[in-house]
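Residue numbers (the working numbering): 233 to 460. Please read the structure below before turning to the comments.
This is the structure we're talking about:
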C-alpha cells in the first residue's frame with residue numbers, strides 16, 4: 233500500500249493517539265504524581281485511559297452492533313475501586329483518565345475542539361487540585377478517648393488539640409463501653425501550631441469527669457485527606 237494511502241488511512245488515528253498520550257502523561261505525571269507521590273496508581277490511570285482509547289478507536293472504524301458497544305461499557309461499569317486507600321481526589325483522576333480516552337478515541341473531526349477539550353479537563357485538575365485550595369481545609373478522622381457532652385465542647389477540644397479552626401465536625405461512632413468517640417472533622421489550619429495548643433488545659437466537661445485523665449488523653453488522627 234502506498235505511503236500516501238497509509239497516511240490518509242491512519243493519519244487521523246495517529247494524531248488522536250498523539251493528543252491522548254500527551255494529555256494522559258501530563259495528567260498522570262505533572263498533575264498527579266508530582267502532587268500526590270503515588271507511583272502505584274500511574275499504571276492504573278495509563279491502562280484505563282489507553283484501554284478506553286483503543287476501544288473507542290475500534291468502535292469508530294469497525295462496523296459493530298451498538299448493543300456490543302454498550303455491552304463493553306457495561307463491563308467497565310461493574311469494575312469497582314475496592315481499595316480503601318483510594319481518596320476522592322484519586323477517583324477524580326480515574327474519571328478524567330476515562331473521559332480523556334473517550335473524547336480522544338471517538339475521532340472528533342475538529343482538531344481544535346479536540347485539543348480544547350483536553351486542555352479544559354487538564355486545566356480543571358490543575359486549578360482545583362492545587363496546593364492553594366488543599367491547604368485551605370483538611371479532612372481528618374479523629375479518635376477521642378472521651379464522649380463529650382455538647383457540640384461546643386467537642387469543637388473547642390478539637391481546635392485545642394489539632395490547632396486550627398473547625399469549620400465542620402460530625403460524630404461517626406460512639407463507644408460508650410470503652411468511652412471512645414470518632415469524629416469526622418473539616419479543619420482550617422490556624423496561626424498557632426497544635427503543639428502550642430496542647431499546653432493549654434483540657435476542658436473538664438467531658439464524660440467521665442476525670443480531670444487528670446482528661447488532661448493526658450490524646451487525639452489520634454487515623455487518616456488525613458485533602459478537601460472533598
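Note that CB positions come from ideal geometry on N, CA and C, so glycine has one too.
Rounded C-alpha distance that separates residue i from residue j
{"i": "residue 412", "j": "residue 374", "result": "10 Å"}
{"i": "residue 420", "j": "residue 338", "result": "43 Å"}
{"i": "residue 369", "j": "residue 418", "result": "6 Å"}
{"i": "residue 260", "j": "residue 328", "result": "10 Å"}
{"i": "residue 285", "j": "residue 332", "result": "8 Å"}
{"i": "residue 243", "j": "residue 249", "result": "10 Å"}
{"i": "residue 341", "j": "residue 387", "result": "56 Å"}
{"i": "residue 335", "j": "residue 251", "result": "10 Å"}
{"i": "residue 276", "j": "residue 371", "result": "25 Å"}
{"i": "residue 407", "j": "residue 377", "result": "10 Å"}
{"i": "residue 436", "j": "residue 321", "result": "Residue placement at residue 436 is flagged as unreliable, the pLDDT there being 49, under the threshold of 50; a coordinate-derived value is accordingly withheld."}
{"i": "residue 414", "j": "residue 288", "result": "46 Å"}
{"i": "residue 365", "j": "residue 263", "result": "14 Å"}
{"i": "residue 353", "j": "residue 271", "result": "21 Å"}
{"i": "residue 348", "j": "residue 245", "result": "18 Å"}
{"i": "residue 325", "j": "residue 292", "result": "25 Å"}
{"i": "residue 367", "j": "residue 389", "result": "22 Å"}
{"i": "residue 258", "j": "residue 281", "result": "13 Å"}
Counterpart residues of residue i in DSSP-defined beta bridges
{"i": "residue 401", "result": "417"}
{"i": "residue 396", "result": "421"}
{"i": "residue 370", "result": "419"}
{"i": "residue 272", "result": "The partner list for residue 272 (beta bridge, DSSP) is empty, contrary to what the question assumes."}
{"i": "residue 406", "result": "413"}
For residue i, the first and last residue of its enclosing alpha helix (DSSP H)
{"i": "residue 331", "result": "320 to 337"}
{"i": "residue 363", "result": "363 to 366"}
{"i": "residue 344", "result": "343 to 360"}
Whole-angstrom C-beta distance between residue j and residue i, which should lie under 8 Å
{"i": "residue 391", "j": "residue 398", "result": "5 Å"}
{"i": "residue 402", "j": "residue 416", "result": "5 Å"}
{"i": "residue 255", "j": "residue 350", "result": "4 Å"}
{"i": "residue 247", "j": "residue 405", "result": "Residue 247 to residue 405, Cβ: 54 Å. No contact."}
Open item on the list: For the stretch 353 to 369 against the stretch 257 to 273, do three or more pairs of beta-carbon atoms, one drawn from each stretch, fall closer than 8 Å, so that the two count as touching?
Closed with: yes
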